[in-house]
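Participant: Once you've had a glance at the structure underneath, I'll fire off some questions.
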Amino acid sequence: MPIYDINFTNYAFYFNAEFNFKDKLLILMKQLLSITVLFFFFGQTGFAQKIAGNDIRLAYQYYQNKDYDKAEILFKKISEHTSAKIYYTYYVNCLIEQGKFDIAEKSVKKQIRTHRNDPSYYVDFGYLYKKQNHFEDAEKNYEKALHRVMNNSVSVRSLASAFIQRREYDYAEKTYLKGRKITNDDFRSELANLYAVQRKYDKMINEYLDWLEEAPRNLTTVENRMQYFINRDINDEFSDILRKELLKRIQKMNSSINFNRMLVWYFMQRKEFAQALIQAEAIDKRIHASGKQVFDLAETAKSNKDYNTALNAYNYLIEKGHRSSFFIEANVGKLNVSYLKIINGDVISSEDIESLEKEYMQTLKSLGVGFNTIQSVIDLAHLKTFYLNKPKEAEDLLNSALALQGLDSRLAARCETELGDVLVYENNLDLAALTYAKAEIENKGNLYGDFAKLKKAKLAYYAQNFRWAKAQFDALKESTSKPVANDALFYSLLIDENTEGDSLQQAMKLYSQADLYVFRQKKDSASALIDTLLKKFPGHQITDEAYYLKAKIFVSEKKYSEAESYYKKIITEYAYDILADRAMFDLGLMYEQKLNDKEQAAEFYKRLMLEHPDSIFVTEARRRFRKIREADS
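In this note's numbering, the protein residues as written are 1 to 633.
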């Protein structure tokens, strides 16, 4: 038997798949018990005096345990002293479950006589017939209920809820559609919810889109409701229907611009940024907008490494000229995309890097060093230091930004953190520590401060002060910044697992020195140190970390075959260690992005999902796996 809510006028929770049977029962019992408590303390009506709260608790307990005979006695007693329909409904349910149809029929008929203006009792009568396989009589009573619904929204919602309680969804739909004709209410939200529980996605989507067309202010509400189904759309059935319906409506003359906005949102959810950009540009041109939506899309595409779409979006804004509110930001963003390609190993030729350096210099000369160009200052400083070996020029550039009047502490922290990195590159570790500390102190409690603290902790780790470094990493595991927290967790475990019981910590010292060399772009020195570690300490528990560092060096040098070998060593020899899932994910990325071997990439994404279901990389692996499979189909 279904569990019933006190008021089904708003029954969204009933349809929510996240609520299971026990959840619904618990919610219901809490509601009913709260009513009982109110009656008890305020002494209203004779109900509180005649019915103990314990009776209600006990009645539901009996019902849940299917002790219907005991539950029947208590629910009958309770229903005789209150007009709340819920207790009567449970009483009738108990009778039906025991096959006491005659008694149930008398009870329902009594309610019909008593409540002549409430057609929902005919639903109970019809349901009673249906349980006895008298389907024709059941239909007659359902039709009576539908015929007697009054021309007001309350009556319509009440009757529809009664049908929903009995899982008579077709009649609930008929009720709402009749209500649409006889009242001033269109019941769009209710019908959409009803279609959702029946998985009639085409009807559900149309109700929501009609609602959106009638009330444009509901765009966010409709998107939020669509989001629930998109997130659970395993086979893309729902997503395909939504996309087709949005495109169909957009093609109509004088269609609501909200459909374009929603299509942008839809493509963004699916990370189809190129398609989203087409719609965003159309909206921007149609309403002569500031370009904010296009800029936000560019930033999102960039963060998801869809650099081509990001560049196209930035170029669109740049082409609008200085009249664009985002002209400076677009120039900065465009350069940042080229910078990120270098950082991610997509470009490593010195000519390309030098060319980008010139672009940065020209842009900063044109736009000036200011608050809006801080990102370009930081990017250029990093290029000069770590790719062009010009750390002194980088220092001067960062110091010029730090000298700006009124510079926000967060922007200052970003410059100071990069300056600390430059100092580490120059092996000036003491001054680097002071620089990181300054950024941390000025940004206590925010992600910029946490990032500076992480850098300072890594510096202690490079300096082989492992105990102090671990204490800092442990504190940062609770950071609100996910990248900071993940890095802190990795280094904390690294130190913990590879220093415990090793008083000399020689292997760990070699590893941290190699890690520092990697940071300082001295990859040959780092690789040689790792080889020394592996030879001097064969079988040491730090071996998998050494393999991983070696693999990353080879990837950065485009030696993919060598990198593949080390990733696979981790996956096979250290399948249950902390780096197994990371190695599997990175190997998948290498196959997909560097070697264009989609099948091998999909294979390792699949293995990651199956063998490491709790990994932090599973969500992204699943998304990439689906994208590859969709491209193949």
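All residues carry an ideal CB built from backbone N, CA and C; glycine is no exception.
Remember, it's a predicted structure, so these values are computed and weren't measured experimentally.
Whole angstroms are fine: how far does the CA of A439 sit from the CA of R414?
Facilitator: Rounded to the nearest angstrom, the two C-alpha atoms are 8 Å apart.
Participant: Can you tell me whether H288 is buried or exposed, with buried defined as 16 or more other CB within 10 angstroms of its CB?
Facilitator: Counting Cβ neighbours within 10 Å, H288 comes out exposed, since fewer than 16 surround it.
Participant: Let me confirm a value: R261 is counted as buried when at least 16 other C-beta atoms fall within 10 Å, else exposed. Which label applies?
Facilitator: Label assigned to R261: buried.
Participant: Taking 7 Å as the cut-off, is the beta-carbon of Q472 closer than that to any non-hydrogen atom of the ligand ATP?
Facilitator: The model on display carries no ligand, and the ligand ATP is accordingly not part of it.
Participant: Helix, strand or coil for A631 per DSSP?
Facilitator: In the structure shown, A631 sits in a helix (DSSP, three-state: H, G or I).
Participant: Answer yes if the region 216-231 comes into contact with the region 171-184, meaning at least three C-beta pairs across the two stretches below 8 Å, and no otherwise.
Facilitator: Short answer: they don't touch.
Participant: Counting C-beta neighbours from all protein chains within 10 Å, is the total for H147 16 or more, i.e. buried, or is it exposed?
Facilitator: Answer is exposed; the Cβ neighbour count stays below 16.
Participant: When the Cα atoms are used, what is the spatial distance from G345 to A631?
Facilitator: In a straight line, the C-alpha of G345 is about 25 Å away from that of A631.
Participant: Check A145 in the structure and name its three-state DSSP category.
Facilitator: A145: helix per DSSP, three-state reduction.
Participant: May I have a chain-ordered list of the alpha helix (DSSP H) segments no shorter than 4 residues that lie completely inside the region 245-283?
Facilitator: You should have 257-269.
Participant: Apart from the five residues on each side of it in sequence, which residues of its chain come closer than 8 Å, Cβ to Cβ, to K637?
Facilitator: As shown, the chain starts at 1 and ends at 633. That puts residue 637 outside it, with no answer to give.
Participant: Use the C-beta contact count for S158: other C-beta atoms within 10 angstroms, 16 or more gives buried, fewer gives exposed.
Facilitator: Answer is buried; the Cβ neighbour count reaches 16.
Participant: Am I right that I78 and D55 are in contact with their C-beta atoms under 8 Å? What's the rounded C-beta distance?
Facilitator: About 6 Å; that satisfies the 8 Å criterion.
Participant: For N141 and K110, what's the separation of their Cα atoms in angstroms?
Facilitator: Answer to the nearest angstrom: the Cα atoms are 15 Å apart.
Participant: Going residue by residue through the region 452-505, where are the continuous alpha helix (DSSP H) segments of at least 4 residues, counting only ones entirely within it?
Facilitator: Whole alpha helix (DSSP H) segments, 4+ residues: 466-476 and 482-499.
Participant: Shortest alpha-carbon distance to L397 belongs to which of I378, L388, F386 and N389?
Facilitator: Ranking the options by Cα distance to L397, first place goes to I378.
Participant: Between the Cα of R272 and those of Y307, L510 and N399, spot the shortest distance and give me the residue it belongs to.
Facilitator: It should be noted that the sequence gives Glu, not Arg, for residue 272. Out of Y307, L510 and N399, Y307 has the C-alpha closest to the C-alpha of E272.
Participant: Beta-carbon within less than 7 Å of N151's beta-carbon, same chain only, minus the 5 sequence neighbours each way: which residues are those?
Facilitator: Once the five neighbours on either side are set aside, the close Cβ partners of N151 are I182 and T183.
Participant: For a test of the three-state rule: what should DSSP assign to A439, helix, strand or coil?
Facilitator: Helix.
Participant: Rounded to the nearest angstrom, what separates L476 and F229 at their Cα positions?
Facilitator: The straight-line gap from Cα to Cα measures roughly 35 Å.
Participant: Applying the criterion that 16 or more other CB atoms from any shown protein chain within 10 Å of the CB defines a buried residue, is Q279 buried or exposed?
Facilitator: So Q279 counts as buried.
Participant: Quick check on N372: does DSSP put it in helix, strand or coil?
Facilitator: Helix at N372.
Participant: My output table needs one value for T363: the three-state DSSP class, helix, strand or coil.
Facilitator: Three-state result, T363: helix.
Participant: Assign L242 to buried or exposed, taking buried as 16 or more other Cβ atoms, counted over all protein chains shown, within 10 Å of its Cβ.
Facilitator: So L242 counts as buried.
Participant: For Y448, which residues from the same chain have a beta carbon less than 6 Å from its beta carbon, with the 5 sequence-adjacent residues on both sides left out?
Facilitator: Same-chain partners within the cutoff: R410 and A413.
Participant: Helix, strand or coil: which one does DSSP assign to R232?
Facilitator: Residue state, collapsed to three classes: coil.
Participant: In whole angstroms, give me the CA-to-CA distance for K200 and L263.
Facilitator: If I take the Cα positions, the gap works out to 21 Å.
Participant: Are A460 and Y436 close, meaning C-beta to C-beta below 8 Å?
Facilitator: Their beta carbons are not under 8 Å apart, which means A460 does not touch Y436 by this criterion.
Participant: Does the region 502-521 touch the region 540-549, meaning 3 or more C-beta pairs lie closer than 8 Å?
Facilitator: A contact exists between the region 540-549 and the region 502-521.
Participant: Near D284, which residues of its chain fall below 7 Å by C-beta distance, leaving aside the five closest residues on each side in sequence?
Facilitator: If we look at D284 and ignore the five residues flanking it on each side, its Cβ neighbours are G291, Q293 and V294.
Participant: Tell me where the alpha helix (DSSP H) around A528 begins and ends.
Facilitator: That run of the alpha helix (DSSP H) goes K523 to K536.
Participant: Can you give me the Cβ contacts of T300 inside the same chain, cut-off strictly under 8 Å, excluding the 5 residues immediately before and after it?
Facilitator: Contacts found: M268 and F273.
Participant: Tell me the rounded alpha-carbon separation between A192 and D170.
Facilitator: One C-alpha to the other measures close to 13 Å.
Participant: Between which two residues does the alpha helix (DSSP H) carrying Q600 extend?
Facilitator: Here the alpha helix (DSSP H) through Q600 covers K598 to E611.
Participant: So C94 and F125 are supposed to be a Cβ contact under 8 Å. How far apart are they, rounded?
Facilitator: So it is not a contact: roughly 17 Å between Cβ atoms.
Participant: Since E357 and L380 are thought to touch, with beta carbons under 8 Å apart, how far apart are those beta carbons, to the nearest angstrom?
Facilitator: Correct: roughly 7 Å between the Cβ atoms.
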